[in-house]
Each structure stands twice: as structure tokens, then as C-alpha cells.
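Colleague: Starting off with a structure, shown below.
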Amino acid sequence: MLNLSNRASSKDVASLTFHDSNFTKWQALQASLREVGVSGAFKLGIVAEPYESEFGHKSMVHFANPYEDLTIDNDGKLSGDKEAPLMIQSLPSYSTVEEVEAIKAQTVAMPETCEMLFALAQARAISNMLLLEGDTAIGKTFTIELFTKILYGPSVSPFDFYCNGQTDVSDLLGTWTPKTSNAEDREKWNRFIASEEGLKRFEELVDAPGLPEGRDLTDRQRALSHHLQELAKSIGLSSGAQWSFTPGALGMCYEGKFDPESRSLVSASGGNGFVLHVQEIGRARAIVANALLETRGKNGRMNDSLQLWRNGGQKLTRGSDALIVISNNPEEDSSFQGINSLDKALLRGLMSVKFLEGLSPYSLAMASDQYFRYERSNTPEHKPFNCLLELYNYPDDIGRMLGSVMSVFHGKFTKALSSSAGSRSKDLVVPS
């Protein structure tokens, strides 16, 4: 039996329980958050209503986990008190009510998705960093993108930083680039600063004892610019170039300015911040882990300010919308050989949602049911979004039966694949 109520930390955040002086409205909201579709499954546990603010918000979105305090037996049946009050977290959104409803209609409201979505809303509300840990099939990245689209618009995605080497460290922390019209020089500098040697020499430069301490920020930046010119000269570039600092994802997370009209970030400063997803934190290099550690305040909350030493010690002020989500795959997963242990200092006190197993059979059946039958929201005349086979106009039991068969196959196939990867990795030598 799968217990859905004990994995997240929502029970420890009693202050987030929703209270409304209008009890009738509160009851109606509770009922809407537990609304089910034509297949009998929950509809994601979010409700949007019209709302306007001076910042350009278009709706107020109420988040809840409709599976809260419920259990799922081995036959895939829900049990528990479906009338018990749900904890609710409300956040303003730049999406319209219609856009939120469209997002709901295209999303399979699996228990894992609903749990992570509510945890994201909680973390944003109280400026906590959040850890999501579980197998890749759980949908961590998908849910973070879903949360971002709900709050900012269907075309908006979070900032992503990959700790597995796919993304350069400068994309997270920012970088200096020469102001030159010579494309070859710029390319040469970018290749150098992305290399192991370049990164090492740059970090030594930033930490150089010769930089002014306790003085005007511009003095430190001026000295840093001088050292950059010397570094550029050492690799064959012109020493007379001017330099500009390009903020990384961490700076945009803290102070990024979102434009509700264009649905995009238009500035790296002066804004309320944005969503940053740091993926595969277990593979993070020390420089990344240390940078994230500087953003961590008391009890897992994000620091109100952050000094960006790469830019001479520039101070960033955290906006009210800033959110850092870090995700990781379980170390027990044999296909992830060589993963570093998570930094205990970084993770201490963080809000977290951990899934020790893959998707539950219940969730697999839900997903298969939608993909092989029809959208939960209606019985269309035309082939619906993401429906794979021409079964949507046939009796429900045909699609449901095929979905059940495929969910079992998916579970066994995933285990076999993991086992195969584990046996192959025994002969794998991981470079030190």
C-alpha cells in the first residue's frame, strides 16, 4: 500500500493553512481543488481566479495536494477521508485563468506530480530552497517547468543549470567578456574561460589578495578589470580591451525582472527574481556547491542578499519571487555510478520531497489511460492531445485495459533496464 501523506514536509508548515472569513467560499474552493475529471482522477489540485496587481498579475492560483492523507492500495484504489480540509497555498500569477485551465487539461495529475507541485508553491511562498529527489521517471523537471508555466505563462520555462557538465559554470555564476568587435577574440576567450585551466586561473584572479578590500565596489571592479586584461594578454588577446560582466542564472534568479507583456525576463536587476532549477546536484563541482551554499540562509531559507565575488563583490538582493529548486537522482540507482554525496551543509534544513521508488503502479496506469484512451476533460470527436491510438471513440474499458497492460510492461521494462545498466557499470572505471 502506498502512503501519500508522509513524504513531503507540508505538515510542518501549519502557518500555510488557508483560512477565509467567507466559509462558503472556502468550502467551494476545497471542493474545486478535489475536482475529478471524466476518468475519476483528480484534476491537478490547482484553481485559478481573476486577480490584478500593480505588477501585472492576471490571476490568483490556489495550490493543494488532492491526495493529501489518502492511501492507494495494491489494486489502485484510493482510500481515506476525501472530505478532510486540504492545506492551500495561494500565489499570484501572470497567466490568465484560461491559460491555467488549459495547462490543467493537458496534465496527468499523478500523485507524485501533485505532491511536488504543492511543495514548489510552499517553497516559493516562504522563500525556501527545495530539494526534489527521485528517479528520472518521477518527472521532477517536468513538474518544475509546469509550475513555472502556471505562474508566468505557457511559453515560459525556468532557468536550468546541469551539474553533470552539460552547462558551463559561467552560465550559473556569470562571466566577464571583452568588449571587442573581433569575433575570433571573443570565441578564444570563451573557450579559455570554459576550460579547466581557464576556470582555475579566473577563480585565482577573483580571490587575489591584491584586490582592494573594504573599499568602493567600483575600485574592486576596476582592479579586477586590470587583472582580466593581464590574463587575456597571457593567452594572446589584446590587453587594451574593455570588459563587461554578464550575469548568470543565479543573478537572474535573485534580481531578474519579468515583463508580463512580453512574457520574458528583460533585465538582470531591479526585478522580483525568477525560478532556477539546478539539476543533478549530486554531480556538482565544488565551485557550484559553494555558490549554492552562499544562497542558503537559516532553516533552509534563501539568504536575503548574496555577494557576487565574480563581479568584484556586487551585492544582490533577493526578490520576493526568487526560487531555487535543486534536484537529484537517488544514489542507490545503479545506473548513476560515480555520483558525489550531496553536501550535507547545503541540504541541512531544506524543504524536500523524496521518492525512494519509481512511479507507482497507480500513476503509470493514470498516464497510460490518458495516452491510450482520451483526455480526461472530454470525449472529443477528433484525436486528442497526446493520444497515441485511435481508441478514444470506443468504449472506455478497451483503452483502460490496454493502459493497465502497458503500465505493467513499463514497470518491468524500467526495472530490467536499470538492472542491465547496473551489471554493465561493474566494469566501469570512473576517473579520479
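Numbering-wise (this note's numbering), the sequence shown opens with residue -7 and increments by one. Where a beta carbon is used, it is the ideal one built from N, C-alpha and C, also for glycine.
Can you list, in chain order, the residues of its chain with a C-beta nearer than 8 Å to that of Tyr154? Leave out the 5 residues immediately preceding and following it.
Modeller: Residue mapping note: residue 154 aligns to position 162 of the sequence shown, counting from 1. Same-chain partners within the cutoff: Gln271, Glu272.
Colleague: Given a cut-off of 8 Å on the beta-carbon distance, is the pair Phe266 and Ala314 in contact?
Modeller: Residue 266 sits at position 274 when you count from the first residue of the sequence shown. Residue 314 sits at position 322 when you count from the first residue of the sequence shown. In this structure, Ala314 lies closer than 8 Å to Phe266 by Cβ.
Colleague: Report back the beta-carbon spacing between Ile185 and Thr172 to the nearest angstrom; my notes put them in contact at under 8 Å.
Modeller: On the sequence shown, residue 185 is found 193 positions in, with the first residue counted as 1. On the sequence shown, residue 172 is found 180 positions in, with the first residue counted as 1. No, Ile185 and Thr172 are not in contact; Cβ-Cβ is about 14 Å, not under 8 Å.
Colleague: In three-state DSSP terms, what is Met294?
Modeller: The residue you call residue 294 lines up with position 302 of the sequence shown. Note: Met294 maps to strand in three-state DSSP.
Colleague: Pull up the distance between the alpha-carbon of His218 and that of Asp296, whole angstroms please.
Modeller: Against the sequence shown, residue 218 aligns to sequence position 226. Against the sequence shown, residue 296 aligns to sequence position 304. The straight-line gap from Cα to Cα measures roughly 31 Å.
Colleague: By alpha-carbon positions, which one of Glu125, Ser82, Leu62, Pro58 ends up nearest to Val345?
Modeller: Here the question's residue 345 lines up with position 353 in the sequence shown. Nearest option by C-alpha distance: Glu125.
Colleague: Taking all protein chains shown into account, do 16 or more other C-beta atoms lie within 10 angstroms of the C-beta of Leu348, making it buried, or fewer, making it exposed?
Modeller: Position 356 of the sequence shown holds residue 348. Looking at its Cβ environment, which holds fewer than 16 other Cβ atoms inside 10 Å, Leu348 is exposed.
Colleague: Just to confirm my understanding: we take Lys307, look at its own chain, exclude 5 residues before and 5 after, and list those with CB closer than 6 Å. What are they?
Modeller: In the sequence shown, counting from the first residue as 1, residue 307 sits at position 315. Counting only Cβ-Cβ distances below 6 Å, and skipping sequence neighbours, we find Ser297, Gln299.
Colleague: Pull up the DSSP beta-bridge partners for Gln299, would you.
Modeller: Translated into the one-based positions of the sequence shown, residue 299 becomes position 307. Lys307.
Colleague: Tell me, please, which residues DSSP counts as bridged to Asn320.
Modeller: Indexing the sequence shown from 1 puts residue 320 at position 328. According to DSSP, Asn320 bridges with Glu125.
Colleague: From this set, Gln98, Gly131, Ser355, which residue's C-alpha is nearest Leu109's C-alpha?
Modeller: The count along the sequence shown starts at 1 and reaches residue 109 at position 117. The shortest Cα separation from Leu109 among Gln98, Gly131, Ser355 belongs to Gly131.
Colleague: What are the partner residues of Val53, as DSSP defines its beta bridges?
Modeller: As a first step, residue 53 must be located in the sequence shown, where it is residue number 61. Paired residue(s): Ala40, Leu83.
Colleague: Decide if Arg288 is buried, meaning its Cβ has at least 16 other Cβ atoms within 10 Å, or exposed.
Modeller: For the purposes of this step, residue 288 is taken as residue 296 along the sequence shown, with counting starting at 1. With 16 or more Cβ atoms within 10 Å of its Cβ, Arg288 is classed as buried.
Colleague: Can the beta-carbon of Ile64 be found less than 8 Å from the beta-carbon of Tyr246?
Modeller: Sequence index remark: in the sequence shown, residue 64 carries index 72 (1-based). Sequence index remark: in the sequence shown, residue 246 carries index 254 (1-based). Their beta carbons are not under 8 Å apart, which means Ile64 does not touch Tyr246 by this criterion.
Colleague: Between Ser87, Leu216, Glu176, which has its C-alpha nearest Glu41's C-alpha?
Modeller: As a position in the sequence shown, residue 41 is number 49, starting the count at 1. Selected option, being the one with the closest Cα: Ser87.
Colleague: Say whether the region 249 to 267 touches the region 38 to 53, bearing in mind that this needs 3 or more beta-carbon pairs closer than 8 Å, one atom from each stretch.
Modeller: They touch, by the three-pair rule.
Colleague: From the DSSP secondary-structure annotation, give me the bridge partner or partners of Leu112.
Modeller: Within the sequence shown, residue 112 is the residue found at index 120, counting from 1. Paired residues: none, contrary to the question.
Colleague: Starting from Lys35, trace the alpha helix (DSSP H) both ways and give me its first and last residue.
Modeller: For this step, residue 35 is matched to residue 43 along the sequence shown. Lys35 -> no alpha helix (DSSP H), and no H or E assigned at all.
Colleague: Please say whether Met79 and Ala56 have beta carbons closer to each other than 8 Å?
Modeller: Within the sequence shown, residue 56 is the residue found at index 64, counting from 1. Within the sequence shown, residue 79 is the residue found at index 87, counting from 1. Closer than 8 Å, so yes.
Colleague: Between Gln19, Pro58, Asn14, Gly240, which has its C-alpha nearest Arg302's C-alpha?
Modeller: The residue labelled residue 302 in the question sits at position 310 within the sequence shown. For the residues Gln19, Pro58, Asn14, Gly240, the minimum Cα distance to Arg302 belongs to Gly240.
Colleague: Determine the burial state of Gly320: buried for a count of at least 16 other Cβ atoms within 10 Å of its Cβ, exposed for fewer.
Modeller: Along the sequence shown, read from residue 1 onward, the residue named residue 320 stands at position 328. Before going on, a small fix: residue 320 reads as Asn here, not Gly. The residue in question, Asn320, is buried, as its Cβ has 16 or more Cβ neighbours within 10 Å.
Colleague: State the Cα-Cα distance for the pair Thr140 and Leu70, rounded to the nearest angstrom.
Modeller: Position 148 of the sequence shown, counted from the first residue, corresponds to residue 140. Position 78 of the sequence shown, counted from the first residue, corresponds to residue 70. Going by the C-alpha atoms only, they are around 29 Å apart.
Colleague: Going by beta carbon distance, what residues of the same chain come within less than 7 Å of Glu137, once the five residues before and after it are set aside?
Modeller: Position 145 of the sequence shown, counted from the start, is the residue given in the question as residue 137. Counting only Cβ-Cβ distances below 7 Å, and skipping sequence neighbours, we find Ser149, Pro150.
Colleague: List the DSSP bridge partners of Thr16.
Modeller: For the purposes of this step, residue 16 is identified with residue 24 of the sequence shown, where counting begins at 1. Thr16 pairs with nothing; no bridge assigned.
Colleague: Between the alpha carbons of Gly341 and Leu268, how many angstroms are there, rounded?
Modeller: On the sequence shown, residue 341 is found 349 positions in, with the first residue counted as 1. On the sequence shown, residue 268 is found 276 positions in, with the first residue counted as 1. Roughly 19 Å separates the two Cα atoms.
Colleague: Using 8 Å for Cβ pairs, my map puts Gly263 next to Met121. What's the rounded Cβ distance?
Modeller: As a first step, residue 263 must be located in the sequence shown, where it is residue number 271. As a first step, residue 121 must be located in the sequence shown, where it is residue number 129. At roughly 19 Å, the Cβ-Cβ gap does not stay under 8 Å, so Gly263 and Met121 are not in contact.
Colleague: Would Leu351 and Ala117 be called neighbours here (beta carbons separated by less than 8 Å)?
Modeller: Translated into positions along the sequence shown, residue 351 becomes position 359. Translated into positions along the sequence shown, residue 117 becomes position 125. No, they are not a contact pair.
Colleague: Please state if the CB of Leu25 and the CB of Lys96 are separated by a distance shorter than 8 Å.
Modeller: Indexing the sequence shown from 1 puts residue 96 at position 104. Indexing the sequence shown from 1 puts residue 25 at position 33. No, these two residues do not count as a Cβ contact at 8 Å.
Colleague: Give me whichever residues DSSP pairs with Arg183 in a beta bridge.
Modeller: Mapped onto the sequence shown, residue 183 falls at position 191. The partner list for Arg183 (beta bridge, DSSP) is empty, contrary to what the question assumes.
Colleague: Contact check, Val400 vs Ile279 under 8 Å by CB: the rounded distance?
Modeller: Working through the sequence shown from its first residue, we reach residue 400 at position 408. Working through the sequence shown from its first residue, we reach residue 279 at position 287. Wrong, their Cβ atoms sit about 45 Å apart, outside the cutoff.
Colleague: Would Thr99 be called buried (16 or more neighbouring beta carbons within 10 Å of its own) or exposed?
Modeller: In the sequence shown, counting from the first residue as 1, residue 99 sits at position 107. Buried, because 16 or more other Cβ atoms sit within 10 Å of the Cβ of Thr99.
Colleague: Compare the C-alpha of Phe237 against each of Leu338, Ile227, Arg214 and name the closest.
Modeller: Sequence index remark: in the sequence shown, residue 237 carries index 245 (1-based). It is Arg214 whose Cα lies nearest to the Cα of Phe237.
Colleague: Can you tell me which of the three DSSP states Thr238 falls into?
Modeller: Here the question's residue 238 lines up with position 246 in the sequence shown. In the structure shown, Thr238 sits in a strand (DSSP, three-state: E or B).
Colleague: Decide if Thr16 is buried, meaning its Cβ has at least 16 other Cβ atoms within 10 Å, or exposed.
Modeller: Taking the sequence shown and counting its residues from 1, the one referred to as residue 16 is at position 24. Under this definition Thr16 is an exposed residue.
Colleague: How many Å lie between Ala437 and Ala33 at the Cα?
Modeller: This structure does not reach residue 437, given that the chain is present from -7 up to 424, and the question cannot be answered.
Colleague: Quick one, are the C-beta atoms of Leu257 and Gly243 less than 8 Å apart?
Modeller: Locating residue 257 in the sequence shown gives position 265, counting from the first residue. Locating residue 243 in the sequence shown gives position 251, counting from the first residue. Cβ atoms of Leu257 and Gly243: not closer than 8 Å.
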